[in-house]
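In what follows, a structure is listed as C-alpha cells, so that the remarks can point back to it.
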Amino acid sequence: MARSWMRWSSVFVGCLMATGCGDAGTSGARGEVQVQVPRATGSRNEIFREASARHGVREDVLLAHAYLMGRFEAPAAEEHGPAEVRDGHIHVPRFGVMHLTAEQVTQGARATGLSEAQVREELEANVLAAAALLRASINEAVGTGQTPGWEHYRTAGVKLTGFQEPRAAEGYAEELMTLLGRGLDFTTPDGERLSFSAVEALAREVDTVQQSATAPGEYPPMSWVAAHPNNYIVGRNGGSVKFVLVHVTEGGYWGTIDWFSQANPPQASTQYVIQSSTGNITQMVSEANAAWHAGNEYYSLNSIGIEHEGYLNSPSTWYTEAMYRSSASLVCAIAKKYGIPVDQQHIIGHYQVPDPYLLSASTAPGTNAQVQAAPSNWGGASNHYDPGFAGSGWNWSYYLGLIRDCVNAASLSPVIIDSNANNNDPARARIEVSANWTSASSTAGYYGTGYFYASTAPVSDGANFWFYLPTAATRTVDAWWTTGGNRSTTANFIAFDAAGTKLGTAYANQQLNGGKWNTLGTYNFSAGWNKVVLSRWTTEGYVVVADAVRIR
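Sequential numbering from 180 applies to the sequence shown in this note's numbering.
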C-alpha cells in the first residue's frame, strides 16, 4: 500500500497526543481528564496513530474497537466464502482487524480514496477506513470540526460494529466504555504491545453476570437473546440430548450473538455463547429445541452446542480460565440434567463430528487418532476443526477434569424428593403416585407444602420417590412424615437401584417422630434413576404418609 499520507499526517500526531484535537476526554469545559496514550512502538502502533491523526479521532477508541472485535486479529479467509448450510460460526463476511462489513469496505474505500481490495486485505488501509467511518459518524452527530463527547464516541463505535441486534449493540457499547475507563495493555501473539491509558472520566466498577458463585450441578447465571426462528427448529424431531458440542466462534462474542439473532444464510445458531474475557453466558436457543450448529443433522438434533468466543489459531489469547470454568459449570449442569457421561465421546469438539456426506451421520464421534488419519471425514459437512485440530489448543484434560469435579461434587450434595413435584429438581428427583393417594396438608409438621396419604392394603401401589445419581454411590436414606393415631406402625420403605434390584426394606412407626428426618438405612445405589418406595402392603386399618425422602 502507498504510504505517502503518513509523512504529512504525522504533523497531527502531536496535536492528538497533547490535546486530542478537540476530541472527548480533553475539553476542560467538560470536566474530563486528558488521556496520555503510551507511545508504544511497532507497525500496528504506527498505523493506529496515523489513522487517528489523519481523521481526528481518538486512537484509544480505534484500539479498543479492534481489541473488542477480535483482539487485533482479522477474520479467517474461509469465513468470507459462501455460506455453508446449517453449520456454526459462518459469520457475515467481515474484513481486517477492524472487522468491517462488505458495505463498510465500500464506504471506507470511498472515504479514503483507497481501493476496496486494499481496505479488505491491507492492515493500514483497513484501520484508515475504519477511522474515516468513525469520523463520519461523529460528524453526523455533532457537525464537522465540532468537539464530540463520549456519548458520540459510544454511538459511533456501535455504528462501526454494524450490529443489528440491539442487545448485542448495547453490550458492545458498554464494553467499549468499560475498556476505555480501564485502559488496555495487550501483547499480540507475535509480540507487539498495544496499549492505552485509562480514561478517568469513564472509570467504573466492572459488573459481570458471572461473578456470583454457582452450586455444583446448577445452571450458572446467564442472559437471554433469542436466535432468529430460521436458525433452529422447535423440538428435536425425534432426537434427544446425548452430546455436548464445543465450538469456537471464529469471531467476537457480541458479533456472534448479533449473527445468530439474524436470519443468516447458513441458518446457524447454538444454544449458548460464552465470552472469553469474563465467562459471561448468553443463551440463544432453548435446550428443548435443536439449533443448527454441527454440520450434521443427526448431531444437531441430539446435542447442545456451546460457542466459545475466540479463534482456534490463537488459543493462548482466547481460551481463558474464566471461559474454561464458566463453560465447565454449564456443561456440568447439562451432564447432570441429561445423564451425559463426562468423557470425550460425549462432550466433544466440532472436529469430532462425522461428515455426513462421507460417513454415516450417526457414526460415533471421531477419536483424535481418527481425525488425524482422515481429517476430511470429520468436522461436519464443512470440516471444521474447532476448538483445535485433533484435540490441539483446547485443554481437554483440564476442561473435562473441571466438569468431572463439578459433577462429582453435585452427586455428593443431598437430594430431597418432595411429595410436591413443583419443589423437586427434575434432573435429580421426582415423585410418582397413583390416583389412590390423597394430597393433604391438614396435619401439621409436614415437609414443604403438604403430603400424600393412602390406606394400607395388600396391593402393589406404592409412592415412588425417584432420584438420579450420575455415578454409583453408597447413600443414606432419610424419610419425613406427619404423625397421627391412624398412622401405620410398620410402614415399609423399600430401596431399589437403577436396575430395579431390591436393596433392602426399612420399617417405620409413623405414629412417632413426625416433623423431622428419620434415618431408614444406607444402601449401595447404582448410576442412574434409583428409587425408594413407600408401600401400602402392610397391616390393614391404617394409613401411610408419603411426605419427603432425603438421599445423602
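Cβ atoms here follow ideal geometry from the backbone N, Cα and C, with glycine treated the same way.
DSSP three-state assignment for arginine 415, whether helix, strand or coil: Within the sequence shown, the letter at position 236 stands for residue 415. In the displayed model, arginine 415 falls within coil according to three-state DSSP, outside both helix and strand.
Local conformation of glutamine 446 per DSSP, three classes: Walking along the sequence shown from the start, residue 446 turns up at place 267. It is coil, neither helix nor strand.
C-beta contact flag for threonine 285 and glutamate 295 at 8 Å: By one-based count along the sequence shown, residue 285 stands at place 106. By one-based count along the sequence shown, residue 295 stands at place 116. In this structure, glutamate 295 lies closer than 8 Å to threonine 285 by Cβ.
Candidates Gly700, Leu381 and Gly679: closest to tryptophan 329 by CA position: By one-based count along the sequence shown, residue 329 stands at place 150. Residue nearest to tryptophan 329 within the set Gly700, Leu381 and Gly679 is Leu381 (criterion: CA-CA distance).
Beta-carbon proximity check, leucine 339 vs leucine 302, cutoff 8 Å: Your numbering for residue 339 matches position 160 in the sequence shown. Your numbering for residue 302 matches position 123 in the sequence shown. Their beta carbons are not under 8 Å apart, which means leucine 339 does not touch leucine 302 by this criterion.
Chain-order list of residues whose beta-carbon lies under 8 Å from that of lysine 681 (same chain, five-residue window excluded): In the sequence shown, counting from the first residue as 1, residue 681 sits at position 502. Within its own chain, the residues whose Cβ lies closer than 8 Å to the Cβ of lysine 681, once the five positions on either side in sequence are excluded, are Ile673, Ala674 and Phe675, listed in chain order.
Residue from Ala642, Asn602, Arg333 and Gly458 whose Cα sits closest to the Cα of alanine 501: Here residue 501 is taken as the residue at index 322 of the sequence shown, counted from 1. It is Gly458 whose Cα lies nearest to the Cα of alanine 501.
N-terminal and C-terminal residue of the alpha helix (DSSP H) that serine 506 is part of: For the purposes of this step, residue 506 is taken as the residue at position 327 of the sequence shown. Per DSSP, serine 506 belongs to the alpha helix (DSSP H) from 500 to 517.
Buried versus exposed, by CB contacts within 10 Å (16 or more), glycine 431: The residue you call residue 431 lines up with position 252 of the sequence shown. Under this definition glycine 431 is a buried residue.
Span of the alpha helix (DSSP H) around tyrosine 647: Reading the sequence shown from its first residue, position 468 is the one you call residue 647. Looking at the DSSP string, tyrosine 647 is not in any alpha helix (DSSP H); the run it does join, the beta strand (DSSP E), is 642 to 648.
Separation of methionine 248 from valine 306, as counted between CA atoms: Here residue 306 refers to the residue found at position 127 of the sequence shown. Here residue 248 refers to the residue found at position 69 of the sequence shown. Their Cα atoms are separated by approximately 13 Å.
Glycine 570 and asparagine 556 closer than 8 Å at C-beta: Here residue 570 corresponds to residue number 391 of the sequence shown, with the count starting at 1. Here residue 556 corresponds to residue number 377 of the sequence shown, with the count starting at 1. At the C-beta level, glycine 570 and asparagine 556 stay beyond 8 Å of one another.
Buried or exposed by the 16-neighbour rule on C-beta atoms within 10 Å, applied to tryptophan 176: The requested residue 176 is not part of the displayed model; the chain covers only 180 to 731.
Alpha-carbon to alpha-carbon, glutamate 466 and glycine 418: Translated into positions along the sequence shown, residue 418 becomes position 239. Translated into positions along the sequence shown, residue 466 becomes position 287. Going from the Cα of glycine 418 to the Cα of glutamate 466 covers about 12 Å.
Where proline 261 falls, given that 16 or more other Cβ within 10 Å makes a residue buried: In the sequence shown, counting from the first residue as 1, residue 261 sits at position 82. Because the pLDDT at proline 261 is just 38, under 50, the model does not fix this residue reliably, and the point stays unresolved.
Local Cβ density within 10 Å of leucine 713, reported as buried at 16 or more and exposed below that: Locating residue 713 in the sequence shown gives position 534, where the first residue counts as 1. Flag for leucine 713 reads buried.
Proximity test, Cβ basis, 8 Å: serine 495 and chain B: The structure shown contains no chain B; it is built from a single protein chain.
Every unbroken beta strand (DSSP E) inside the segment 307 to 390 [3 residues or more]: You should have 363 to 366 and 372 to 375.
Cβ neighbour criterion (16 or more within 10 Å) applied to valine 425: As a working note, residue 425 is residue 246 in the sequence shown. A buried status is given to valine 425, since no fewer than 16 other beta-carbon atoms sit within 10 Å of its beta-carbon.
C-alpha gap between alanine 377 and methionine 463, whole angstroms: One-based indexing of the sequence shown puts residue 377 at position 198. One-based indexing of the sequence shown puts residue 463 at position 284. Put simply, the backbone Cα of alanine 377 is about 33 Å away from that of methionine 463.
Bridge-paired residues (DSSP) for tryptophan 659: Taking the sequence shown and counting its residues from 1, the one referred to as residue 659 is at position 480. In the DSSP assignment, tryptophan 659 forms a beta bridge with Ala727.
Rounded C-alpha distance that separates leucine 491 from glutamate 429: Mapped onto the sequence shown, residue 491 falls at position 312. Mapped onto the sequence shown, residue 429 falls at position 250. One Cα belongs to leucine 491, the other to glutamate 429, and the distance between them is close to 7 Å.
Asparagine 709: first and last residue of the uninterrupted alpha helix (DSSP H) it sits in: The sequence position of residue 709 within the sequence shown is 530, counting from 1. For asparagine 709, there is no enclosing alpha helix (DSSP H); the enclosing beta strand (DSSP E) has its first and last residue at 707 to 714.
Nearest-angstrom Cα separation, counted from glutamine 551 out to valine 532: In the sequence shown, counting from the first residue as 1, residue 532 sits at position 353. In the sequence shown, counting from the first residue as 1, residue 551 sits at position 372. Looking at the two C-alpha atoms, the distance is approximately 13 Å.
Cβ pair isoleucine 483, valine 423 closer than 8 Å: Indexing the sequence shown from 1 puts residue 483 at position 304. Indexing the sequence shown from 1 puts residue 423 at position 244. Taking 8 Å as the Cβ cut-off, isoleucine 483 and valine 423 qualify as a contacting pair.
Sequence ranges, alpha helix (DSSP H) only - wholly within the segment 666 to 711, length at least 4: Runs of the alpha helix (DSSP H) inside the segment 666 to 711: none found.
Alpha-carbon to alpha-carbon, proline 535 and glutamate 258: In the sequence shown, counting from the first residue as 1, residue 258 sits at position 79. In the sequence shown, counting from the first residue as 1, residue 535 sits at position 356. For glutamate 258, the predicted structure reports a pLDDT of 43, less than 50, and the residue's modelled location is therefore unreliable. The matter cannot be settled from this model.
Sequence-distant residues of its chain with Cβ nearer than 6 Å to aspartate 386 (five each side left out): Reading the sequence shown from its first residue, position 207 is the one you call residue 386. Residue confidence is low: aspartate 386 scores 48 on pLDDT, short of 50, so the model does not pin down where it sits. Its coordinate-derived value is still stated next. So the list is empty, once near-sequence residues are dropped.
Nearest to alanine 512 (by Cα), restricted to the options Ala394, Phe568, Gly558 and Asn562: Looking up residue 512 in the sequence shown gives position 333. Nearest C-alpha to alanine 512: Ala394.
Cα-Cα separation between glutamine 450 and threonine 628, rounded to whole angstroms: As a working note, residue 450 is residue 271 in the sequence shown. As a working note, residue 628 is residue 449 in the sequence shown. Near 35 Å, if we compare the C-alpha coordinates of threonine 628 and glutamine 450.
Beta-carbon separation (whole angstroms), tryptophan 497 vs glutamate 488, contact threshold 8 Å: Here the question's residue 497 lines up with position 318 in the sequence shown. Here the question's residue 488 lines up with position 309 in the sequence shown. About 7 Å separates the two Cβ atoms, so the contact holds.
Three-state class that DSSP yields for leucine 424 in the structure shown: In the sequence shown, counting from the first residue as 1, residue 424 sits at position 245. It is a strand residue.
Proline 554 (DSSP reduced to helix, strand or coil): Residue numbering aside, residue 554 sits at position 375 when the sequence shown is read from its first letter. The answer is helix: DSSP assigns proline 554 an H, G or I state.
Spatial distance of phenylalanine 704 from glycine 518 (CA atoms): For the purposes of this step, residue 704 is taken as the residue at position 525 of the sequence shown. For the purposes of this step, residue 518 is taken as the residue at position 339 of the sequence shown. Straight across, the Cα-Cα distance linking phenylalanine 704 with glycine 518 is about 16 Å.
Cutoff 8 Å; reference lysine 421; Cβ partners in own chain excluding five residues on either side: In the sequence shown, residue 421 corresponds to position 242, counting from 1. Excluding its 5 nearest sequence neighbours in each direction, lysine 421 has C-beta neighbours in its own chain below 8 Å: Asn481, Ser482, Tyr517, Ile519 and His525, listed in chain order.
Supposed close pair isoleucine 147, valine 728 - CB separation, criterion 8 Å: Outside the displayed range of the chain (180 to 731) lies residue 147, so it cannot be described from this structure.
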